[in-house]
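Novice:
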Amino acid sequence: MKIINQHYINSHFVKSNGNEVEDLINPTTKKLIGRVTLGNEKDVQTAIAAAKEAFKLFSKTTIEERSNMLQRLHDAIMDKAEILAQASVEEYGSPASASYGRTVFAAKTFLFTKEALQEFEFERSMGKTKVIMEPLGVIGAITPWNANYTHICGKIAPAIATGCTIVVKPSEISALQTKLLMECINEANIPAGVINIVNGSGAVVGAEMTRHPDIAKISFTGSTNVGKLISKGAVDTLKRLALELGGKSPNIILEDANFNEAIPMAVSIGFSNTGQACHAGTRLIVPENRLEEVKKLIKEAVKSMKLGNPVEEDTILGPLVSQKQFDTVQRYIKIAIDEGAELVTGGLGHPEGFEDGYFVKPTVFANVTNDMTIAREEIFGPVLSIITYKTEEQAIEIANDTIYGLAAYVSSSNLEKAKNIASKIVAGRVLINKGVHDDPYAPFGGFKQSGIGRDSGIYGLEEHVEPKAILSYKE
Ligand code: NAD
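Below, the structure written as structure tokens:
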């Protein structure tokens, strides 16, 4: 069993002052694999003080110096990518088939950001005025358990690129993965105090970061409810906020799509990361007259996805991350049945033979109307709702009838038509005829209650600087 009782502050591994301990459970077996000592206010205050001090020099570093740091962070993570990927299989239940790729993507974030940095204009001219894009200061990053490395690296990279320093509070249930990442960061030889990582709960460490006057901005990825709490907590110090929140993303299949491709893809999009993905396309919007064909193709597609032990290379669907997540998914499946949705496949309980872990049955409902609970609320598990439409206008209406606006998907054999539909969807990202978010420079973030601000590439950098205008700069 692994004991995690240190934070990473000022380039040192320092013992936690907290005395609350959280168990770390392997979701495949429900066995105890570690314990993390959660930090307290004092720990995070120390980290913020270190970041504040480091900012004085770090904010003056050159683009070249910071580019080299981004490269070193990438290299240090790649050196341990295998071990990191294994930890995410063990602690998070992420199938091995996806874990390594996701870890490499996390490392590559530093390279993508390095490229964006070369193009970023820190100095701009507006007539006689010069506008200098100054680094914001100390960034407070708060991240979720799904794709721990991706989210932490996604927060650190733009901070480093722009000359900001950072304090990260990762999810408390990802502490084994975080410990390995801390070691990589330590190897990268970044100036002391520039990157600090504090283990702790949201209610204690996260809340202290949110209210602390020396944090300039909270960069948060997590649920919409916690995003709202953070917004309220940050108001007294008028912090800048970037909130990457939940979703209930629509996937519109147009009549002219190739259903043999679009429907299996829709299942992959809905069940991405065993359904634990913010951008999962969980509302499948299909032509009413094709429903029976869709149901048949869905059943075949689900059957072909191997559910199993995440260490096995061909596993696509692993367990959910925790008992809490398991219970949430069960609750929603029950609500859907009670509200009259038709079970196409899956249902309540564990899949047969997988009673020892937090495995759920990949579940698809038909006859879902957009006002049902499962069509409105984010479930964060492999539960897909099929909703039918009569006209394309109605499909768009259904797609936009949600409090969320993170991602959307459109399938059609007519690109112009798909583009037209995409232009009418209210979402931060629309993917045409594909399900993989593979453009690392495209902005990522949500409309409506899916968030505020954008991550990735130039857009992510823009969120870490504040314009200072110097008037009469030129004659
Ligand atoms: P969560 O909101 O419960 O927790 C996220 C983080 O916030 C954790 O580190 C947690 O400790 C912290 N936190 C909790 N309460 C807090 C408080 N009062 N003050 C400050 N911090 C607090 O989310 P989760 O269960 O870890 O992750 C799943 C959620 O994240 C889903 O809703 C999913 O859609 C969302 N998510 C969004 C994106 C995106 O980019 N839009 C990406 C991944 C996940």
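Residue numbers (numbering that gives the first Met the number 0): 0 to 474.
Ideal Cβ positions, reconstructed from N, Cα and C, are used throughout, including at glycine.
1) How long is the line joining the alpha carbons of Glu21 and Tyr148, rounded to whole angstroms?
2) Would you call His73 buried or exposed, if buried means 16 or more other Cβ atoms sit within 10 Å of its Cβ?
3) Is the beta carbon of Thr223 sitting closer than 8 Å to the one on Gly192?
4) How about the region 58–71 and the region 97–116: do they share at least three Cβ pairs that are nearer than 8 Å?
5) Reducing DSSP to helix, strand and coil, say where Met125 ends up.
6) I'd like to confirm something about Pro318: is its beta-carbon nearer than 7 Å to some heavy atom of the ligand NAD, or not?
7) Are the Cβ atoms of Ile131 and Glu122 separated by less than 8 Å?
8) Where does Asp454 sit, in a helix, a strand or coil, going by DSSP?
9) Start and end of the beta strand (DSSP E) containing Asp22?
10) When the Cα atoms are used, what is the spatial distance from Ile32 to Ala206?
11) Return yes when the Cβ of Asn399 is within less than 8 Å of the Cβ of Val425, no when it is not.
12) Measure the Cβ-Cβ separation of Thr164 and Val137 and say whether it is below 8 Å.
13) To test your reading of the DSSP string, which unbroken alpha helix (DSSP H) runs of 4 or more residues are found completely within the region 31–83?
14) Of all the CB atoms in chain B, is at least one closer than 8 Å to the CB of Glu89?
15) Within 10 angstroms of the Cβ of Gln322, are there 16 or more other Cβ atoms? Answer buried if so, exposed if not.
16) Would you please state the rounded distance, in angstroms, between the beta carbons of Lys238 and Ala261? I believe it to be under 8 Å.
17) Name the DSSP beta bridge partners of Asn195, please?
18) How about Ser170: is its Cβ closer than 7 Å to a heavy atom in the ligand MG?
19) By the three-class DSSP mapping on this structure, what secondary structure does Glu254 have?
20) Just curious, the beta strand (DSSP E) that Gly232 is in, first and last residue?
21) Could you give the residue range of the alpha helix (DSSP H) that holds Ala335?
22) Find the nearest neighbour of Gln275 within the set Ile378, Gly226, Asn185, Asp355, judged by alpha-carbon distance.
23) Does the contact criterion of 3 or more C-beta pairs under 8 Å hold for the region 41–49 versus the region 4–11?
24) For Ala374 and Thr362, what's the separation of their Cα atoms in angstroms?
25) Taking 7 Å as the line, does the beta carbon of Ile334 fall inside it for any heavy atom of the ligand NAD?
26) Comparing C-alpha positions only, which one of Ala233, Glu52, Phe270, Val310 sits nearest to Leu242?
27) Can you tell me which residues form a DSSP beta bridge with Phe111?
28) At the level of alpha carbons, what is the spacing between Val266 and Lys129?
29) Bridge partners for Ile420 per DSSP, in chain order?
30) Can you round the beta-carbon distance between Thr177 and Glu287 to whole angstroms, since I take them to be within the 8 Å contact cut?
Specialist: This is what the structure holds:
1) 20 Å
2) buried
3) no
4) yes
5) strand
6) no
7) yes
8) strand
9) 19–25
10) 27 Å
11) yes
12) yes
13) 40–57, 62–78
14) No chain B is part of this structure, which consists of one protein chain only.
15) exposed
16) In fact, because the Cβ distance is near 42 Å, the residues do not count as touching under 8 Å.
17) Val166
18) Judged by which ligands are present, the ligand MG is missing from the structure shown, whose ligands are the ligand NAD.
19) coil
20) Careful: Gly232 lies outside any beta strand (DSSP E), inside the alpha helix (DSSP H) at 223–233.
21) 322–337
22) Ile378
23) yes
24) 14 Å
25) no
26) Ala233
27) Answer is none; Phe111 lacks a bridge partner.
28) 51 Å
29) Per DSSP, none; premise fails for Ile420.
30) That belief does not hold up - the Cβ atoms of Thr177 and Glu287 are roughly 47 Å apart, past 8 Å.
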